[in-house]
Structure formats: C-alpha cells, structure tokens
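Numbering (full-length UniProt numbering), first residue to last: 1 to 308.
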C-alpha cells in the first residue's frame with residue numbers, strides 16, 4: 001500500500017477506538033469454588049510488514065493507486081474561434097495506474113465517471129527513461145518520472161463541449177501524482193533540501209490562453225521544528241519575455257505522517273489559495289506538492305511540484 005496525500009492531509013480525517021466488554025451473573029447463595037484459570041499466551045503485536053517501494057521504471061511492470069492526489073484543468077475552443085482558458089480544480093477520490101511491458105499496456109483510472117482509453121505499443125509516441133507519451137485518436141497520456149519515487153500521470157482528451165451555451169471543443173487534462181511513502185522510522189536530525197520545477201497551468205476563464213512556466217524552486221525542511229518552507233515563482237511569457245505573475249509562499253509543519261497542507265497568500269501579486277503535499281520515498285528522498293490559487297480579477301493557477 002502506498003501512502004496517499006488525502007489520507008495524510010485531509011482536515012476531516014478522524015479515528016475512533018472501539019472496545020467491547022462482557023460481564024457475568026450471580027448464582028445461588030452457595031458459594032462456588034473459584035476455578036483455576038487456564039494458562040493463556042501473552043499477547044503480542046501483529047508485525048506490520050514494511051511497504052515495498054514501487055519501481056516506476058518503464059522497463060518493468062507496475063501498478064499503483066493514489067487517493068486525493070489529483071487535479072484537472074482545461075482549455076475551450078469555441079467553434080470557429082480561438083482557444084481560451086476554461087478552468088482548473090483539485091479533485092478528491094482514487095486514481096489508479098497499471099503499466100505492463102509484454103504486451104505493452106497503460107491503463108489509467110481517475111476519480112470521475114469518464115471512460116478512459118487503454119494504450120499499447122502502437123500508440124507510443126515518445127520513449128525516454130523518465131518520460132513516455134501515448135496517443136490514440138483524441139486521447140493521450142503522459143507518464144513522467146523526474147526522479148525515482150514520484151510518477152506524474154497526465155491524461156489528455158479533446159471532445160465536443162458546450163461552454164456557457166457556446167459550442168466548441170474542450171481540451172482537458174486529468175493529472176494524478178503517484179508516489180512511494182516514507183518508510184524510515186528515523187527522526188529528521190538535519191535539514192532536508194529539495195529542488196524541482198513546478199508544472200503550472202492557468203489563465204482567466206474565457207480569456208485567450210497564454211504560456212505559463214515556473215522557475216526552479218528549493219524547499220527546506222528544518223530539523224528543529226519539522227517545518228517545510230519554500231516558494232513557487234510563476235512566469236508568463238509575453239512577447240518573448242518572461243514576466244513574474246505570482247510568487248507563492250509555501251510554509252507548513254510536517255504532520256505525524258509527514259504530510260503538509262496550508263494556505264497560500266501572495267500579497268504582492270494578489271493570489272490566494274491552498275496547497276497539499278508530502279515527503280516521498282522510503283528515506284524522504286523526494287517531496288510532492290499540489291497547489292491552486294486565484295486572484296480577485298478571475299485569474300487562476302493550478303499545478304504540481306516534484307522535487308528531490
């Protein structure tokens with residue numbers, strides 16, 4: 001079993017311990033002899049097997065699930081018009097990925113009712129050690145493993161759609177982050193540092209699309225207080241020039257299960273939102289983060305970071 005972002009970070013998570021009891025009754029007035037108790041074995045805890053890390057290696061088969069670690073964003077093209085930003089949002093629920101080698105097959109499930117295609121060797125378009133892409137008709141899928149313990153899966157689909165009574169096509173992107181849990185029981189005794197570049201999408205609903213990227217980010221977990229801090233700088237390319245549109249501060253204390261969640265307040269640029277994430281890898285080799293923010297003028301950004 002893999003540890004999931006939703007299980008670690010949901011503010012609604014609670015638990016209860018249930019206990020049973022039993023009692024005996026009285027007999028008649030004649031006292032009965034006290035029985036000699038039978039010897040019983042001393043209770044011992046059932047050992048919990050250590051989780052086995054999944055090897056997200058495209059030369060090997062693997063299967064994994066993720067809970068509450070997904071988001072979706074989309075672009076809309078009205079019939080005869082230009083593409084505009086539609087919307088983006090996080091999505092709770094379970095996703096799954098099954099990757100087979102012989103015969104080659106990629107099957108992805110996402111927490112909605114959409115029927116998604118399964119892809120094979122004939123559908124593969126690119127193939128590197130860290131990235132694979134497949135295309136079948138109007139559907140496609142991208143598998144990215146920037147480092148070792150986190151796999152980002154993005155499912156692309158183009159379909160007919162009606163937005164605010166306007167006919168056109170929707171280009172949607174369903175994203176899930178699959179990752180190996182932290183299994184070490186060792187305490188964090190020295191600061192941890194992670195570097196990675198966010199994948200980001202966004203815009204203003206109904207406005208023309210633009211190109212958004214992110215600068216490399218460095219995140220630090222301080223050993224003394226177990227606090228993760230860092231920032232995500234989002235850039236928009238305008239006339240060939242990269243312009244800073246947002247700098248999202250990230251700050252949260254690790255939970256007991258080494259997850260993080262919190263609010264984002266970019267006061268300088270007017271964006272507010274939330275983030276969720278976790279440390280990943282058996283020995284905390286990586287971290288993963290999902291963020292979404294919005295501006296009062298309607299602009300919004302959504303994306304994820306995989307850092308090592």
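Every residue gets a Cβ at the ideal spot worked out from N, C-alpha and C, and that includes glycine.
- Taking all protein chains shown into account, residue 201 has 16 or more neighbouring C-beta atoms within 10 Å of its C-beta and is therefore buried.
- Pairing residue 212 with residue 56 gives a Cβ-Cβ distance that is not under 9 angstroms.
- DSSP places residue 297 outside both helix and strand once states are collapsed to three, so it counts as coil.
- A direct Cα-to-Cα measurement between residue 110 and residue 98 gives close to 12 angstroms.
- As the crow flies, the alpha-carbon of residue 66 is around 15 angstroms from that of residue 52.
- According to the DSSP assignment, residue 173 belongs to the beta strand (DSSP E) that extends over 166-179.
- By the criterion of a C-beta distance shorter than 7 angstroms, residue 82 is surrounded in its chain by 208, once the five residues flanking it on both sides are discounted.
- Residue 225 and residue 186 have their C-alpha atoms some 15 angstroms from each other.
- Residue 253 holds the alpha-carbon nearest to the alpha-carbon of residue 188 among 73, 253 and 79.
- Under the criterion of beta carbons closer than 8 angstroms, residue 301 and residue 288 do not qualify as touching, at roughly 17 angstroms.
- Taking 9 angstroms as the cut-off, the beta carbon of residue 195 is found no closer than this to the beta carbon of residue 214.
- Under a 10 Å Cβ-count criterion, residue 238 is classified as exposed, with fewer than 16 other Cβ atoms of the shown protein chains found around its own Cβ.
- Judged by DSSP in its simplified three-state form, residue 61 adopts coil rather than helix or strand.
- Boundaries of the beta strand (DSSP E) around residue 95: 94-101.
- A direct Cα-Cα distance of roughly 14 angstroms separates residue 263 from residue 295.
- Apart from the 5 residues on each side of it in sequence, residue 204 sits with its Cβ closer than 8 angstroms to the Cβ of 85, 297, 298, 299 and 300 in its chain, given in chain order.
- Cβ-Cβ distances below 6 angstroms link residue 286 to 147, 149, 150, 280 and 308 in the same chain, with the five nearest sequence neighbours on each side left out; the list follows chain order.
- C-alpha of residue 158 to C-alpha of residue 164: approximately 18 angstroms in a straight line.
- Here residue 230 is buried. Its C-beta has 16 or more other C-beta atoms within 10 Å.
- A Cβ-Cβ separation of about 5 angstroms places residue 168 in contact with residue 77 under the 8 angstroms criterion.
- Counted as a single uninterrupted DSSP element, the beta strand (DSSP E) harbouring residue 85 occupies residues 84-91.
- Secondary structure at residue 242: strand, using DSSP grouped into helix, strand and coil.
- Considered as a whole, the region 100-131 harbours no complete run of any alpha helix (DSSP H) with no fewer than 4 residues.
- Secondary structure of residue 236 (DSSP, three-state): strand.
- Secondary structure note for residue 191: it is in no beta strand (DSSP E), with a DSSP letter that is neither H nor E.
- Judged by DSSP secondary structure, residue 220 falls within the beta strand (DSSP E) whose first and last residues are 216-222.
- Residue pairing for residue 66: DSSP places it in a beta bridge opposite 95.
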